[in-house]
Structure formats: C-alpha cells, structure tokens
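Working notes, structure below.
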Amino acid sequence: MKTWSHRWLKSVNHKDIGTIYLYMGLWSGVFGLSLSHCMRIELSHPGEWLQVGYMYHSIMTMHAFMMIFFFVMPTSIGGLGNWFIPLMIKIKDLSMPRLNNLSVWLALGSLFLMCMAFLSSGGLGCGWTMYPPLSNSEFMDGLPIDLAVFSLHMAGMSSIAGSINFLVTIFNMRMGALFFMSLNPMLIWTLFGTSILLVTSVPVLAAGLTLLLLDRHFSTSFYYPEGGGDPILWQHLFWFFGHPEVYILILPAFGVISHILCRSSAKLHVFGKIGMSWASMGIAWMGFLVWGHHMFVAGLDIDTRAYFTAATLMIAVPTGVKVFNWLATIFGGVYSLKHSHPSTFWAVGFVLLFTIGGLTGVILANAALSTLLHDSYYVVAHFHYVLSMGAVFAIFGGFWFWFPFWTGMVPRKDLVLTHFMLTFIGVNFTFFPMHWMGLTGMPRRYQDYPDIHSVWQAISTTGGFCSYLAMGLFISAIWEVYLVQRPLLFAFFVRSESEYYGTGAGEGNTVLPCGSHTNSELPKFVCYKHKEKKPYYVSVIIWRFLSKEWKPQNIKFASPLGLFGERVDESEEL
1 MKTWSHRWLK
11 SVNHKDIGTI
21 YLYMGLWSGV
31 FGLSLSHCMR
41 IELSHPGEWL
51 QVGYMYHSIM
61 TMHAFMMIFF
71 FVMPTSIGGL
81 GNWFIPLMIK
91 IKDLSMPRLN
101 NLSVWLALGS
111 LFLMCMAFLS
121 SGGLGCGWTM
131 YPPLSNSEFM
141 DGLPIDLAVF
151 SLHMAGMSSI
161 AGSINFLVTI
171 FNMRMGALFF
181 MSLNPMLIWT
191 LFGTSILLVT
201 SVPVLAAGLT
211 LLLLDRHFST
221 SFYYPEGGGD
231 PILWQHLFWF
241 FGHPEVYILI
251 LPAFGVISHI
261 LCRSSAKLHV
271 FGKIGMSWAS
281 MGIAWMGFLV
291 WGHHMFVAGL
301 DIDTRAYFTA
311 ATLMIAVPTG
321 VKVFNWLATI
331 FGGVYSLKHS
341 HPSTFWAVGF
351 VLLFTIGGLT
361 GVILANAALS
371 TLLHDSYYVV
381 AHFHYVLSMG
391 AVFAIFGGFW
401 FWFPFWTGMV
411 PRKDLVLTHF
421 MLTFIGVNFT
431 FFPMHWMGLT
441 GMPRRYQDYP
451 DIHSVWQAIS
461 TTGGFCSYLA
471 MGLFISAIWE
481 VYLVQRPLLF
491 AFFVRSESEY
501 YGTGAGEGNT
511 VLPCGSHTNS
521 ELPKFVCYKH
531 KEKKPYYVSV
541 IIWRFLSKEW
551 KPQNIKFASP
561 LGLFGERVDE
571 SEEL
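Numbering of the sequence shown is given in full-length UniProt numbering, commencing with residue 1 and proceeding in unit increments.
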C-alpha cells in the first residue's frame, strides 16, 4: 500500500503527475483571477483605491505571470499532456518518468519563488515583459526582480524537461503505424508542435534573463546605454520567446477543441484532418518569424516593418484553415441545450471568441495601425480574446469533457451550463468595451484615467464581477460532484477516429475511473494484405517503404491476443 507521500511526492506515474499539474493550475488560476478582480475594483471609477502606485503595477505583473506561466501552461501542457499522450499512443507511461517527476517539482518550486517575489518589499512593478530600464537595479533594486528571474529560470527548465520527454515519447515509443499523419490524434500533433516551440524558444528567454542578472549584480552593460548597451536588445530576446509563447499557450487548446468537436458532432474525425495537422505545424514554425510586430514603435526601419507586417498577416492563413475546418466539423451535427454535452458549448464559444480575437490581431499586424494602437486597451482586448477566451475556454471545455474519465462521476449539467453562460457573458462584458477604450486613446497599465472612459470601465468591471462569480460556481460544481458522487452510467464518448484506429484517449475501452496504468505493454498493429484478409504484425513501418495498397483503413489495433480476440501467427515474415 503506497503512502500519500510516496504516491504524490515521489510519483513517476504520468496520471499522478498530470493531476499535480492540474491542481497547480487550478490554484494559480484562482489566484490570478483574484488579482484581476483587484485591478477591476481599482479601475471601476476614476481615482485611486490602491493608494500606493507600485502596488497596482505589482498586482498587474503578478496576474500576468500567474495566468501565463502557472495556469495555462501547467494545465494544458503539463496536465493534459501527461494524462493523454501515453493514452492516445497506447503506451504505459512517458519515456523518462523520473525526468517527469523532476519537471513537476521544478514547476512547483518556480511557483513558490514567484509568490515570494510578489510578497517581498516593493513587489514586481516592472510589468510581465520586464523591460529595462524598469527592471534595472536603479529602478527596481532589491529582491523581487531577482526572485522572479530565478522563478522564470526554474519554470523554463521544467518546460524544457517536460517537452524533451514528450518529444522522445512521441518519436520513440509510438507504434510504427502511427507514422501515418491521418492516424495521429490532433491533440498529439498540437502538443508535439508546442514541445518544439518550448525547446527552441525558452533558451532565448533564459539568455536574456541571465544578461539582466549580470547587469543588475555584476556591473555589465548589456542593457545600459551609458555603457554601450541597448535596451532594445532585451525586446528582441524577449519577444523572440514571447510570440512563440502565444502559440505555446494556444496550440494545445486547438487539439482539445478538435477532440471535443469531433466527439460532440459524432464525426469519425475532424474535417480536413491532414490540413489541420499541417496548419498546426505551420503556426508553430511561423511563430518564430513575427516577433518584430511587438516592436513597431521601437525604431525599426521601414523595410523591417514591412516584412513583419507581411509575415504576421500570413499566420492568418493556417489559423483560418483551422477555424473553417472546425465550422465544417460542426456542420451537420445535432445540437440542443438539453441533449448536447456541456463541453460542446465551451468548444463553440471558443471558436466564436477566438475568431474575434484573431480578426483584431489582423488589424494589429498592420504597422501603421499598430503604431496608433500600441500599448492601448485595444491590445489588451485582443490578447485576452485570444487567451482568456481561447486557451481558458479550451481548458474548461476539456476539464468538463474528461471529468467523468478522470473521476468516474458526472457533474450536474445545469451547474456546468450556468458556469459556461456566466463566464461567456462575463468575459465579453469585461473585454469587449476595451476595444472602444483603446480606440479613444486610453493607454494600458495606467492606474487612473480621465472621466471620459468611466462608463466603459464600469461596464468592464461589471463583467469582471460576473466572471468571478462564474469561478465560484465552477468550484461549487466540483464540490457538488464529490459530495453527491453521482456515478457515470452511460459514457458520452461516442465512436470516433481515435477509437476506430485504436489510438484514442482510451475513453471507450477503459474502466472508469481509470487505474494507475491503462496499458501494461507496448501494443502492436496488425495489417491486412491487399485482397487478402489474413492479418500479420507490423513492428516498424517507414513512410517511404509503404506501398500504395497499405492504407490507414486497412490497419487495426491488435491486442496481445490478436485481432478480434483471435491469436495472430507472429511467425509469418513481412
């Protein structure tokens, strides 16, 4: 019998580690939402409620760090990735379980350091971008910046360790037939692209943070103009990480939404599966080419601005492929408030609100318009429509979709639907008025503002209260499930492509709630010879050696006992 400490503190089980990530993300999300509530109270009317100016900026900075690095990333990558990568490719665990344990403890340690930085004297008043000279020793001397830098270093090490583990697992432990692009579930593709982005971009952020520490404590001048340095160097290093970070946050959400829409519309697979896969990889690749659109007012020459404008607009192409394919997947399905699964509403809401955020992003991609709207509330509205209503909606949708799979219990549908409607109304009331505030010239990160913006700020604060109420309802719905313990009798998980090919998350063929390990050994695939119904094992399949006669529909999953319960002769040569 394992003790509590042995299971949770020393665990190398992918499901336990994924659960730790989910708990960590839940706590950080509630804390980050509470900080945003404090900001909305401050901005509800002109004047100052927080009498100390740096306190508002410290709350704003901590809100961003909590939501980006300790809510969305641990939940969508650490939580869902650890849970479903082994299940979707039918393996026992990740390739390096002890490295997985190290990554989760590095993440928890970085969360502790970031909270210590927030509570230290002076707080984090430099903004989450940590631009010099605001983060230099003359302006922010003391412990908070150093603790935040070390926290980000630890979070980066955790992300790199977890991403390497994911990449090695997907490459080396998948079954040979999973090389087929049409067989890989979309969540695997998006987590694969996310892992590549993390391994490539996080070291650049680490280099920039190291140079910042050297400037603060060892008298170097990388960012000091007085010593020959340039603060614009930090912007290049930070945004070379920062823009891929946007896709790091949203790519797992794409996979979750594709999975939910596929199931809720009773489709075999998402519309345009191969195109969706290439679109995910295209978004990941192009994310490295557009960091300069954050710096249109930093003195870039006209040719550079023209390039970044064109490159940023090109990202709308693979993103549009995804949106139209989601709409095509939804088309033909039967939906109703009474019979549809609650996660369906989260997925449809994601598609709608993410599209609005994407359209405002196309506007900001234009160098001339971006110069006018730079650092205004229009930018705040844009990235919150993409992340607060994109990544967060996908997290909530995935949570309620897989909640019976995790616990074997069913939440009350009316509570989940009320949670969705309150959240949908709250976030739109909060962030849609910010478009008008930005167009009328209100800059972001200001504690006080002219009376002309007071009506829109009051509406935005009302929406913030609604979102905070929705979070309370979310926690109440979880508490109600464990209080009543309503068992799962009929699974919602309908037949889909992943179950058809035996590569799904195991919802349809797993005892609920699932045990510590779903698969005890690496499975194999069985292939049918063309025009013959005699199966044979395929241990390794290489793309260039595949004959045209070997199609994905001719490949079935085989248990150790053989296909359809019959033992397969392994002695036959390929």
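Ideal placement from N, C-alpha and C gives every residue a C-beta, glycine not left out.
Treat the numbers as computed from the prediction; the structure is a model and nothing was measured.
Span separating the alpha-carbon of residue i from that of residue j
i           : j      : result
Glu48       : Gln447 : 7 Å
Gln485      : Gly127 : 44 Å
Phe399      : Thr169 : 24 Å
Phe432      : Ala381 : 7 Å
Glu245      : Thr407 : 31 Å
Gly463      : Glu480 : 25 Å
Tyr307      : Ala279 : 21 Å
Trp27       : Leu249 : 18 Å
Leu43       : Leu124 : 19 Å
Phe240      : Met409 : 43 Å
Ser388      : Arg445 : 18 Å
Phe350      : His419 : 15 Å
Phe354      : Gly390 : 5 Å
Cys38       : Gly397 : 26 Å
Ser277      : Pro318 : 10 Å
Leu152      : Ile478 : 31 Å
Leu313      : Ala207 : 29 Å
Thr461      : Leu473 : 19 Å
His236      : Ala117 : 25 Å
Thr129      : Ile89  : 37 Å
Leu251      : Ser135 : 30 Å
Pro46       : Tyr54  : 17 Å
Ile356      : Val362 : 10 Å
residue 585 : Phe393 : Since the displayed the chain opens at 1 and closes at 574, residue 585 lies outside it and no answer follows.
Leu187      : Val270 : 12 Å
CB contact flag (residue i, residue j, <8 Å)
i      : j      : result
Gly332 : Ser258 : no
Ile77  : Leu191 : yes
Thr329 : Cys262 : yes
Leu205 : Phe166 : no
Arg216 : Ser137 : yes
Ala155 : Ser110 : yes
Gly358 : Asn325 : no
Ala161 : Leu80  : no
Met62  : Leu33  : no
Pro132 : Trp234 : yes
Met60  : Phe31  : no
Ser370 : His293 : yes
Val348 : Leu364 : no
Ser163 : Ala107 : no
Thr309 : Asn366 : yes
Ile20  : Trp8   : yes
His243 : Gly299 : no
Among the options, the one whose alpha carbon lies nearest that of residue i
i      : options                        : result
Val323 : His293, Gly275, Ala284         : Gly275
Ser120 : Met66, Ala148, Ser110, Gly438  : Ala148
Phe429 : Ile459, Lys413, Trp436         : Ile459
Ser467 : Phe350, Thr440, Gly426         : Gly426
Met173 : Leu87, Leu187, Phe139          : Leu87
Pro185 : Thr129, Ile260, Met295         : Ile260
Asp93  : Ser11, Gly29, Thr129           : Ser11
Leu372 : Ile395, Met295, Ile356         : Met295
Tyr385 : Tyr21, Leu352, His37, Phe401   : Leu352
His435 : Phe424, Met116, Thr423, Trp456 : Trp456
Tyr56  : Leu22, Ile91, Gly122, Leu102   : Gly122
Met73  : Gly29, Lys90, Ser95, Ile59     : Gly29
Phe424 : Trp346, Thr360, Gly227, Ser454 : Trp346
Val256 : Phe401, Lys267, Ser454         : Phe401
Ile91  : Phe171, Leu108, Ser135         : Phe171
Leu417 : Gly361, Leu488, Val199, Ser343 : Ser343
Val104 : Met114, Leu268, Asn82, Met442  : Asn82
Counted within 10 angstroms of its Cβ, other Cβ atoms place residue i as buried (16 or more) or exposed
i      : result
His6   : exposed
Asn13  : buried
Ile452 : exposed
Tyr482 : exposed
Asp414 : exposed
Arg305 : buried
Asp303 : exposed
Phe222 : buried
Phe405 : buried
Ile475 : exposed
Thr210 : exposed
CB-CB length for residue i against residue j, believed under 8 Å
i      : j      : result
Val290 : Ala311 : 5 Å
Met24  : Phe84  : 17 Å between Cβ atoms; not a contact.
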